Amino acid sequence: MKKDNDIKVEILCKSIIKNEVEVGDSVTIIVTIPKKYGIVSNVQVLFNKEGENPSIIKSLNRKEEKESDDYYFETKVIFNEVTRMFFYFKVNVNGQNQAIKINRKTKNPFFTTQESPYWSILIINKNFKVPEWSKGAIYYQIFVDRFFRPNGNFKLVEGRNYRNWGEMPNFHRNAEGKFHNNDFFGGNLKGVEEKLKYLKKLNVTVIYLSPILYSKYRYDRYATTDYEKIDINAGTFEDLKSLHDKANKMGMKLILDVVFDHLGSDNPIFIDAITNKKSKYRDWFFIGNDGKYRYWYNEFTDMPVFNQQNPEYQNYIYGKGGIVEKLAKYVDGFRIDVAEEIENLFLEGLRNKANEQTKHITIAEHWHKADVTELGKCYDTTTNYLYTNAIYKWILYGEGEYFKNQIDDIIQSYPEESICSMLNSLDTHDIVRALTIIGGKWMRHDYKEIWKIDEYPSRWHKNVNGKIIFETDEFRKEEAQNDKLRPVEYRIAKEKLKIAALLQYVLPGNPCIYYGTEIGMHGYKDPFNRKCFEWNKIDKTLLRYYIKLGKFRKNNKSQLSNSKTEIYYVDESILYLIRNNLLIIINASNSLKKINVPEEFIKGEKIFEVKKQENLETILPLNGIVLKK
């Protein structure tokens, strides 16, 4: 029984895409075993959810083989719940019990009595579809206050700190000894509208805006003071409509970041609730008899947390005439802030309301792997930080196996519709900017995400009288002092960014550019990753590269709009990635590498290269090429 490439396992279903089937559909499983192995009987398939004992055990019926050299066994299974099932086969061969599982290297079925991978099948929500425009897209994330401030009327709001465009954001404590977000530069919706041609040049197809609802003293607007108004420094509903209409006419969609887990403590709703025990809003929050209330992350007292189970609050957000209904007519989708902390019932209501008139995309902020039971029901897809980390771990530290496992796991764990519409970012407003990460200074090389430089243990955590404290002031001071990359550091980081961006543009899902990354902006964590867009300091060669990337993705949209992916080979420095009819080869090392191009691609067309090279026998350092069959 040495051969492992002649047993066959087939999964047949009308709705199957890769390893995917809809709830309630019948799945036919056929196992073919050559008679040369001996007498085969009593074939069973055992299904289990991850970490559980088998929940379904079915015997396969033997089919008539006639003159065949093979045994054929078959059964039908219907799954009645959304989940991911793992399965393998128990079989009796010549009186001995064995199992059929997958060979780790060849991925072919084989007899074994040892532990080995199982097959898996994804059971998804019936009729789950995302908007077609959300597949094969290029997203562009804009921090509205920091993108562009046009000439014209700019209204000053009392109590806000206004800054000159391009200054370093304030990273010091205020007079009360607290760090604050009252640091406004004046970017607005009209500013975004003025730059639509710039975004079109990048082949952007979806604009993703940070929150714009009124927030009294927070430029980031993640603590809402009034859900009924757009912040006066961001613009008006008329401005939002104008931006949406013009973007749509230019072939671009618009999605908006919304914050429904918490609000600002200066919101009149919360003020009434906290000051009046008989307030109709009292149960919208978690307020004790002593007046103490639950706030976000148990740290930010200016962000009280909502009681999402309260029916009146639910109705306020996604009931008839609620906030979601009002916003939905101005945008094509929503990015849901801190979705991992929002209850499923609330998320489902939000998604249903968003889709009531026109299909919208709903993207949940997720830092971890999403549960398949939520995808297509509570939200459509996620912000995919798992790929972000995998890209950096490979490019900086050569962790090829980690990279492969992360890519494969999401493909096998998410529905096709979610994979094709998820956001793959290299940086965002919540993590260190891409060029600074790639620069490598202080970046993590352990089990945590690479950008979590301020999490314990770190150089800024000190033991003071037996208590671990984090020296926030020293941390921010060092971030500021090391903010600017030296010329040699910038040059190397830029070359690595190019291959990281190529990966971002070819992996399943949609690349999402964080404003300014394409022109060479860099910086550590908030507020250094939220500087004003440097319109007068554009790295034109890097910008041209991103324009080139955008054209490549646009021209090959059909190849990059689904989940079909094979990591043909990966080690600490070389990656061969096959996406349908495309072969992507990347050299993440600083030395020339020999390559062996599969025969079917040698005669194909070279359609993209980071650096120009003439032959396909080697690949230049820090280079990537794309070949088409």
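Each residue of the sequence shown is one higher than the last, beginning at 99 in the numbering used here. Just so it is clear, CB atoms sit at the ideal spot from N, CA and C, and this is done for glycine as well. For clarity, every value in this text was computed on a predicted model and none was experimentally measured.
- Residue environment analysis places T211 among the exposed positions, since fewer than 16 neighbouring C-beta atoms fall within 10 angstroms of its C-beta.
- In the DSSP assignment, V422 falls within the alpha helix (DSSP H) that extends over I421 to A426.
- Fully contained in the stretch 177 to 264 are the following beta strand (DSSP E) runs of length 3 or more, in chain order: 181 to 191, 194 to 200, 207 to 210, 217 to 222 and 237 to 240.
- When the beta-carbon positions are compared, K327 and L311 come within less than 9 Å of each other.
- Per DSSP, the unbroken beta strand (DSSP E) holding H559 starts and ends at H559 to V562.
- For the stretch 619 to 698, the continuous beta strand (DSSP E) assignments of 3+ residues that do not extend past its boundaries occur at 664 to 668, 672 to 677 and 680 to 685, in sequence order.
- Taking the C-beta atoms as reference points, I434 is found no nearer than 9 Å to T471.
- Looking from the CA of K709, the closest CA among F699, G722, K227 and Y545 belongs to G722.
- Apart from the 5 residues on each side of it in sequence, I385 sits with its Cβ closer than 7 Å to the Cβ of A371, I372 and Y391 in its chain, given in chain order.
- Spatial neighbours of Y483 in its own chain (CB-CB distance under 6 Å, excluding positions within 5 residues in sequence) are listed in chain order as W465.
- In this structure S214 touches K199 by the C-beta definition: roughly 4 Å separates them, less than 8 Å.
- L311 has I328 as its beta-bridge partners, per DSSP.
- Nearest in C-alpha terms to K351, of all of D430, R258 and S689, is D430.
- Here the stretch 541 to 561 makes contact with the stretch 488 to 503; the two share three or more CB pairs at distances below 8 Å.
- A598 is classed as buried because its beta carbon has at least 16 other beta carbons within 10 Å across all chains shown.
- Counted as a single uninterrupted DSSP element, the alpha helix (DSSP H) harbouring N450 occupies residues N442 to A452.
- Taking the CA atoms as reference points, K347 sits about 16 Å from E336.
- Apart from sequence neighbours up to five positions away, the residues of its chain that approach D324 with a beta-carbon distance below 8 Å are L311, Y312, N365 and P366, ordered along the chain.
- Bridge pairing for H360: V403 [DSSP].
- Residues E616 and I617 of the same chain have their beta carbon placed closer than 7 Å to that of L641, with the five preceding and five following residues left out of the count.
- Around the CB of M266, fewer than 16 other CB atoms lie within 10 Å, so the residue is classed as exposed.
- At the C-beta level, G607 and L521 come within 9 Å of one another.
- With respect to the 9 Å criterion, F145 and I154 are classified as neighbours on the basis of their beta carbons.
- DSSP, reduced to helix, strand and coil, places I590 within a helical segment of the structure shown.
- Note on S166: under 16 other CB atoms within 10 angstroms of its CB, so exposed under the neighbour-count rule.
- Within the same chain, and ignoring the five residues on either side of E163 in sequence, the residues whose Cβ sits closer than 7 Å to its Cβ are Y169 and Y170.
- The distance from the Cβ of L690 to that of L718 is about 6 Å, consistent with a contact at the 8 Å cut-off.
- A check of alpha carbon separations from L494 across A532, Q504 and R316 identifies A532 as the nearest.
- For the 9 Å CB-CB criterion, T456 and S516 do not form a contact.
- C518: not part of any beta strand (DSSP E); member of the alpha helix (DSSP H) spanning E514 to S519, first to last residue.
- K451 has its alpha-carbon roughly 43 Å from the corresponding atom of K638.
- When Y588, C476 and R589 are compared, the shortest CA-CA separation from K227 is found for C476.
- Under DSSP, N721 forms a beta bridge with N685.
- For A462, the pairing in a beta bridge is given by DSSP as I434 and T480.
- In the DSSP assignment, the residues bridged to S139 are N190.
- The stretch 268 to 283 and the stretch 568 to 579 touch, with three or more beta-carbon pairs separated by less than 8 Å.
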